[in-house]
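Residue numbers (our numbering): 1119 to 1508.
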Ligand SMILES: Cc1cc2nc3c(=O)[nH]c(=O)nc-3n(C[C@H](O)[C@H](O)[C@H](O)COP(=O)(O)OP(=O)(O)OC[C@H]3O[C@@H](n4cnc5c(N)ncnc54)[C@H](O)[C@@H]3O)c2cc1C
């Protein structure tokens, strides 16, 4: 691993300032307040402003609606989006899935979808998990049945985050119930505004909004198929690889699989440090206690570990450190730490209380940390598959 510092040239530093100024202007306190209220992980006005600059798909060519950023500038943009805490769930799911549309969609589908993705008017969510289980993706039950001119879909998906803000769901379906379970799967890009689709909100302990989505005799034409019939297993793995941090969806260099959760831990640390630096009535700051300083310093070191842990290992470390440290921070600040946002006396307006709730879900999304450990065992360490239980 190369820990070398990159010397940025004048053009790159100017670009950094441009991004920072743009995000200061657009990712305002009002944007954060709306996100705290809705938990939607998306802000349409900011999304479209990014689209106007070509910064939703920053590596794409200008002709495709991108900005043709080189790897360093794209990384600067990503760092600043994270630092400004842009509500990012839908931009992330769109980025993961659009790579699949480019790779497996036919020309007509690509012409319909890709320009809108780049401009910010078209967004895509992930329709993988079902009410009966998410880890065993090959156990998918939602059926797509071939009919004259296309397919009819029946079934239910759970935790389709962002569906209420998206135009399409990348849907994993069973097309051959007789085939071995990995071989009877087909993936479709399903428009979410058609008849037979119902989206119901699901609110989580962590304050996020996700959705249950029901498909009742939904017709789509064959143009919406991504990849071969019954060959969906390979097609559906690409977004998960990117969610697990195996490969960045934009084709950038491999990054920590825990970047997102590391950002949350950094946010908690920043608020805890501000609390620690605030003197009480006698002028004493928590920072003056070396135990407090040591605890905060340990979290800062965790952030470095997360930043430098690649792929699924980064995903496991980030989530587990976030859960552990978010709880410790509540102990550190004392009983007022559990007062929620808006309550009188809440520390840092309840951010630490929120952080502790939010942290719990991070061990689940995009495949649990248990599943990430299986991936590390099999793909990184070359160990045999775990034995089947039951
Ligand atoms: C807030 C939120 C947002 C989400 N967003 C999306 C989304 O946008 N799209 C989408 O498709 N899904 C989404 N998910 C679903 C998520 O990917 C699943 O919850 C996750 O994959 C786990 O599936 P499950 O909840 O059905 O648990 P299960 O698969 O039923 O697992 C239950 C428990 O058993 C363990 N387990 C299961 N199998 C194994 C194994 N082989 N080895 C070791 N342990 C195992 C799991 O780690 C877990 O602890 C979201 C979930 C949440 C909570």
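The beta carbon of each residue, even a glycine, is placed where N, CA and C say it ideally should be.
Computed from a predicted model, the values in this text were never measured in an experiment.
Taking residue 1276 as the centre and dropping the five residues before and after it, the same chain places the C-beta of 1247, 1248, 1249 and 1330 closer than 7 Å to its C-beta, in chain order. Remark: C-beta atoms of residue 1271 and residue 1291 approach each other more closely than 8 Å. The beta carbons of residue 1427 and residue 1481 sit about 16 Å from each other, so the pair does not count as a contact at 8 Å. For residue 1437, the enclosing alpha helix (DSSP H) has its first and last residue at 1429-1451. In terms of side-chain proximity, the C-beta atom of residue 1246 is found nearer than 7 Å to a non-hydrogen atom of ligand 1.
In the structure shown, residue 1479 adopts helical secondary structure according to DSSP, grouped into three states.
Residue pairing by DSSP places residue 1337 opposite 1270 in a beta bridge. At a Cβ-Cβ threshold of 8 Å, residue 1267 and residue 1188 do not count as neighbours. The beta-carbon separation of residue 1228 and residue 1218, rounded to 11 Å, does not stay under the 8 Å limit for a contact. For the set 1180, 1346, 1142 and 1442, the Cα lying nearest the Cα of residue 1476 is the one of 1442. Sequence-distant partners of residue 1133 (beyond 5 residues in either direction) whose C-beta falls short of 7 Å from its own C-beta, in its chain, are 1191 and 1194.
When the alpha-carbon of residue 1184 is set against those of 1162, 1207 and 1213, the nearest one is in 1213.
Residue burial is scored here from C-beta neighbours: residue 1343 has at least 16 other C-beta atoms within 10 angstroms and is therefore classed as buried. Under the three-state reduction of DSSP output, residue 1143 falls in the helix class. Taking a 10 Å sphere around the C-beta of residue 1306, we find 16 or more other C-beta atoms and assign the residue as buried.
Between the alpha carbons of residue 1308 and residue 1454 lies a gap of roughly 47 Å. The nearest non-hydrogen atom of ligand 1 is 7 Å or more from the C-beta of residue 1138. When the alpha-carbon of residue 1459 is set against those of 1380, 1283, 1423 and 1325, the nearest one is in 1325.
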